[in-house]
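These notes concern the structure reproduced below.
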Amino acid sequence: MNIRRIWAIAANVFRGVLRERVIYIVGLYTIVFVLAVLFLNEVSVGTEGKISLDVGLAGMALLGLAVAAFEGGNLVRKEIEKKTALVLLAKPMSRAEFIVGKHLGLSAVLMVLIALMTVIFLTIMNWRQIDYGFGSMVTASFYIGLELSLMSAAAVLFGVLTSSLMATVLTFTAYFMGHLSHNLLTLSDKIEADSVKNIAKGIYYIFPDLSRLDLKSQAVYGLLPEPGVLAANAGYGAVYVVLLLAIATWLFSFREF
Numbered sequence: 002m003n004i005r006r007i008w009a010i011a012a013n014v015f016r017g018v019l020r021e022r023v024i025y026i027v028g029l030y031t032i033v034f035v036l037a038v039l040f041l042n043e044v045s046v047g048t049e050g051k052i053s054l055d056v057g058l059a060g061m062a063l064l065g066l067a068v069a070a071f072e073g074g075n076l077v078r079k080e081i082e083k084k085t086a087l088v089l090l091a092k093p094m095s096r097a098e099f100i101v102g103k104h105l106g107l108s109a110v111l112m113v114l115i116a117l118m119t120v121i122f123l124t125i126m127n128w129r130q131i132d133y134g135f136g137s138m139v140t141a142s143f144y145i146g147l148e149l150s151l152m153s154a155a156a157v158l159f160g161v162l163t164s165s166l167m168a169t170v171l172t173f174t175a176y177f178m179g180h181l182s183h184n185l186l187t188l189s190d191k192i193e194a195d196s197v198k199n200i201a202k203g204i205y206y207i208f209p210d211l212s213r214l215d216l217k218s219q220a221v222y223g224l225l226p227e228p229g230v231l232a233a234n235a236g237y238g239a240v241y242v243v244l245l246l247a248i249a250t251w252l253f254s255f256r257e258f
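Next up, the structure:
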């Protein structure tokens, strides 16, 4: 694959997504989070800090997921419907470069959004004088970005397969199933019926185990896994991204324009 061509596609996606005013997500996050913190100050005496930290991190993840699902599901589908993919692929560009460039461009947008929301999140925490572990918060935010990069790869894959709307729905479904899959695997050990146990295990192996990238609950208490575990979980997410993009590229190779 040619890095320059991938970079050109990624840069084009980055500019295009930002032109669609997704940066307004940061403003929405700021307004909603400030209101939530002020409300929590009134109704949760003594527990405002922990709940505010949890709400702030969860807000980043959900707003980022919305961008990944809606934009990712539309990236490839839009090119197919407008026939612009035909023009791009007529040049010396492989379909793998096309898919990878699209994903990298969207992932860059998501990382920028998460970085901006993290700065706002920490600023509000300092303003409210809420104690937090700086390292744990930044690490949790970084892993939110990794999780969203994985979900954007899933959205691109679904966008190759089906319509933009269905790709968005499937991305949200994959996200929530990914967060439930580990619990289902644990629950399957307590189930005697083999058929139900096999279904639970099947769901675990089909969907990514997003609990590996979810550090929000631990970070609220200033806790983090060991560095080796963090590295292994990041590697797990990276491998899953590569796998999803490889499948998307393989399926895209069968598309005729």
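Heads up: the sequence shown runs through residues 2 to 258, numbered per my numbering.
All C-beta atoms in this analysis are idealised placements derived from N, C-alpha and C, irrespective of residue type, glycine included.
Beyond the five residues adjoining it in sequence on each side, Phe255 comes within less than 6 Å, by CB distance, of no other residue in the same chain. Of the candidates Arg129, Val240, Ile145 and Glu98, Glu98 places its Cα closest to the Cα of Thr250.
Bounds of the alpha helix (DSSP H) holding Glu148 are Phe135 to Leu162. The Cβ atoms of Ala232 and Gly102 do not sit closer than 8 Å to each other. Across the set Lys79, Ser142 and Phe71, the C-alpha of Ser142 shows the shortest separation from the C-alpha of Asp55.
The Cβ atoms of Val18 and Val110 sit closer than 8 Å to each other.
The stretch 233-242 makes no contact with the stretch 156-176: fewer than 3 CB pairs, one atom from each, lie closer than 8 Å. At a Cβ-Cβ threshold of 8 Å, Leu107 and Gly73 count as neighbours. For Tyr222, no alpha helix (DSSP H) encloses it, and the DSSP letter there is neither H nor E. Residue Ile100 holds the alpha-carbon nearest to the alpha-carbon of Leu252 among Ile100, Pro226 and Tyr241. Exposure of Glu21 is indicated by the presence of fewer than 16 other C-beta atoms within 10 angstroms of its C-beta.
Gly28 counts as exposed, since fewer than 16 other C-beta atoms from the protein chains shown sit within 10 angstroms of its C-beta.
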